[in-house]
Amino acid sequence: MDTIRKEGPIRRVQVERYVTPLREGGSLPALVDADDGISYVLKFRGAGQGVKALIADFIGGEIARSIGLKVPEMVFAELDEAFGRTEPDEEIQDLLRASEGLNLGVHFLKGAMTFDAVASPVDAYLASKIVWLDGLLTNVDRTVRNTNMLMWNKELWLIDHGASLFFHHSIENWEKAAAKPFAQIKDHVLLSRASELAGVNTDLRNILRPDTIRGIISLIPSDWLLQDRTFSDADSYRDVYAQYLINRLNASEQFVNEAQNARNI
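Numbering of the sequence shown is given in full-length UniProt numbering, commencing with residue 1 and proceeding in unit increments.
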């Protein structure tokens with residue numbers, strides 16, 4: 001089965017079996033089997049930062065894919081009301097109850113290994129692309145302690161962008177947030193190898209177009225967006241997410257300069 005999503009709508013699956021929890025941080029993702037015969041890492045709407053983590057993970061992954069980086073296929077995974085009633089762990093059962101409805105599934109890469117920057121060197125151009133992506137997304141979670149990258153079939157795969165787009169926790173201030181550089185890039189695991197940021201910035205601004213961003217944002221389920229109460233309709237949220245990213249894209253020199261300055265410290 002191909003792990004890379006094809007063009008078109010996001011597939012929807014029904015979760016059929018809870019296999020095992022993946023106790024990473026406080027979010028308690030789980031390995032599950034779905035009705036398409038595929039195993040997924042399921043990100044729960046009822047965990048941690050709720051649907052905002054799912055929104056950030058989805059946007060980040062699809063933007064990464066659009067600029068040519070490898071990201072496992074993501075699907076919208078339906079969790080039935082009756083699912084998990086026999087689960088003996090009360091914490092997990094509570095999580096399943098809080099996550100009824102649409103969640104985010106990420107194709108499980110069986111046998112993948114956590115990326116090790118020493119054991120698996122990354123070339124300067126690829127490192128620069130990933131640093132650029134995380135500057136655009138304001139992703140604080142690609143550090144030495146937690147790279148959120150996997151080696152699978154001798155290739156580098158990006159996962160878990162749920163800590164990106166921190167602006168949406170105070171979404172009414174989106175315009176001000178979009179104009180800020182990204183100081184946390186100094187902690188990026190690949191920053192020391194990202195020596196081609198200027199060239200990558202030129203290349204990726206030609207690849208990632210505003211229409212591409214709007215297309216990705218249009219795929220976000222309205223139900224996820226409307227868990228926030230700032231705006232009354234889903235399209236208002238879509239407009240904010242899209243314009244936030246377009247503004248950052250148009251001013252990408254800001255976060256590129258921030259990364260270049262951090263490399264020189």
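Positions of the beta carbon are idealized from the N, C-alpha and C atoms, including for glycine.
Contact check, residue i vs residue j under 8 Å by CB: the rounded distance?
i	j	result
His-255	Pro-210	Going by the sequence as given, residue 255 is Phe instead of His. Going by Cβ atoms, the distance from Phe-255 to Pro-210 rounds to 17 Å, so no, they are not a contact pair.
Arg-142	His-188	6 Å
Asn-103	Leu-42	6 Å
Ser-252	Arg-205	6 Å
Trp-224	Ile-55	6 Å
Ile-67	Leu-208	6 Å
For residue i, report the span of its alpha helix (DSSP H) as first-last.
i	result
Leu-204	197–207
Ser-39	From DSSP, Ser-39 is part of no alpha helix (DSSP H) but of the beta strand (DSSP E) over 39–43.
Ser-128	124–137
Thr-212	210–218
Gly-61	51–66
Glu-172	It is not in any alpha helix (DSSP H) - Glu-172 carries neither H nor E in the DSSP assignment.
Ser-192	Here Ser-192 belongs to no alpha helix (DSSP H), and DSSP marks it neither H nor E.
residue 266	Nothing in the structure corresponds to residue 266, since the chain is present only between 1 and 265.
Arg-232	Sequence inspection shows Ser at residue 232; the Arg mentioned does not correspond to that position. Unbroken run through Ser-232: none, as it is neither H nor E.
Val-256	252–263
Ile-92	90–98
Excluding the 5 residues preceding and the 5 following residue i in the sequence, name in chain order all residues of the same chain whose CB lies nearer than 7 Å to its CB.
i	result
Met-1	Low confidence applies to Met-1: its pLDDT is 47, below 50, so where it sits in the model is not reliable, and the reading given next is rough at best. For Met-1, where only same-chain residues beyond five positions count, the Cβ hits under 7 Å are Ile-38.
Met-113	Leu-150 and Met-151
Gly-50	Gln-227
Val-71	Gly-61, Ala-64, Arg-65, Trp-157 and Leu-158
Val-122	Leu-156, Leu-190 and Arg-193
Phe-231	Tyr-237
Phe-200	The amino acid at residue 200 is misidentified as Phe; the sequence shows Val. Around Val-200: Tyr-125, Ser-128, Lys-129 and Trp-132.
His-169	Lys-52
DSSP state of residue i, grouped into three classes?
i	result
Asn-103	strand
Arg-12	strand
Met-1	Note that Met-1 scores 47 on pLDDT, short of 50, meaning its location in the model is unreliable and no value can be drawn from it.
His-161	coil
Asn-31	Before going further, note that residue 31 is Leu rather than Asn in the sequence given. DSSP places Leu-31 in strand when its eight states are reduced to three.
Glu-155	strand
Asp-19	One point to set straight first is that residue 19 is Val, not Asp, in the sequence displayed. Strand, per DSSP.
Leu-150	strand
Going by beta carbon distance, what residues of the same chain come within less than 6 Å of residue i, once the five residues before and after it are set aside?
i	result
Glu-100	Leu-79 and Glu-81
Tyr-241	Ile-217
Glu-87	Gln-93
Ala-117	Val-189
Asp-36	Val-13
Met-44	A small correction: the amino acid at residue 44 is Phe; Met does not occupy that position in the sequence shown. Closer than 6 Å at Cβ, skipping near neighbours: Leu-95, Ser-99 and Asn-103.
Give the single residue among the options whose Cα lies nearest to the Cα of residue i.
i	options	result
Leu-96	Ser-164, Asn-264, Phe-83 and Thr-20	Phe-83
Pro-21	Leu-109, Gln-93, Ser-128 and Ser-218	Gln-93
Asn-153	His-168, Ile-63, Asp-235 and Leu-109	Leu-109
Ile-130	Ala-262, Glu-196 and Asn-247	Glu-196
Ala-34	Thr-202, Arg-11 and Asn-247	Arg-11
Pro-9	Thr-202, Val-75, Asp-134 and Leu-225	Val-75
Lys-52	Lys-176, Asn-257 and Phe-167	Phe-167
Glu-90	Asp-134, Glu-73 and Leu-28	Leu-28
His-107	Ile-171, Arg-145, Val-144 and Ala-30	Ala-30
Ile-171	Gly-46, Arg-17, Ala-259 and Gln-243	Gln-243
Asn-148	Gln-184, Arg-17, Asp-57 and Ala-198	Asp-57
Arg-17	Gly-46, Glu-73 and Arg-85	Arg-85
Ala-183	Ser-222, Val-19, Gly-48 and Asn-257	Asn-257
Gln-260	Asp-235, Gly-135 and Glu-73	Gly-135
Under DSSP, the beta strand (DSSP E) around residue i begins and ends at which residues?
i	result
Val-75	74–79
Leu-226	First-last for Leu-226: undefined, no H or E at that position.
Short of 8 Å in beta carbon distance, which residues of its chain neighbour residue i, apart from the five on each side in sequence? Order them along the chain.
i	result
Ile-59	Leu-137, His-161, Ser-164, Leu-165, Ile-216, Ile-217, Ile-220, Tyr-241 and Leu-245
Ile-265	Lys-186
Ala-77	Arg-12, Val-13, Gln-14, Val-15, Val-32, Ala-34, Tyr-40, Leu-42, Leu-102, Asn-103, Leu-104 and Gly-105
Asn-247	Glu-175, Ala-178 and Ala-179
Ser-120	Met-151 and Leu-156
Using a threshold of 7 Å, is the CB atom of residue i nearer than that to any non-hydrogen atom of the ligand GDP?
i	result
Gly-101	For the structure depicted, the ligand GDP is absent and the ligand set is empty, with no information on it obtainable.
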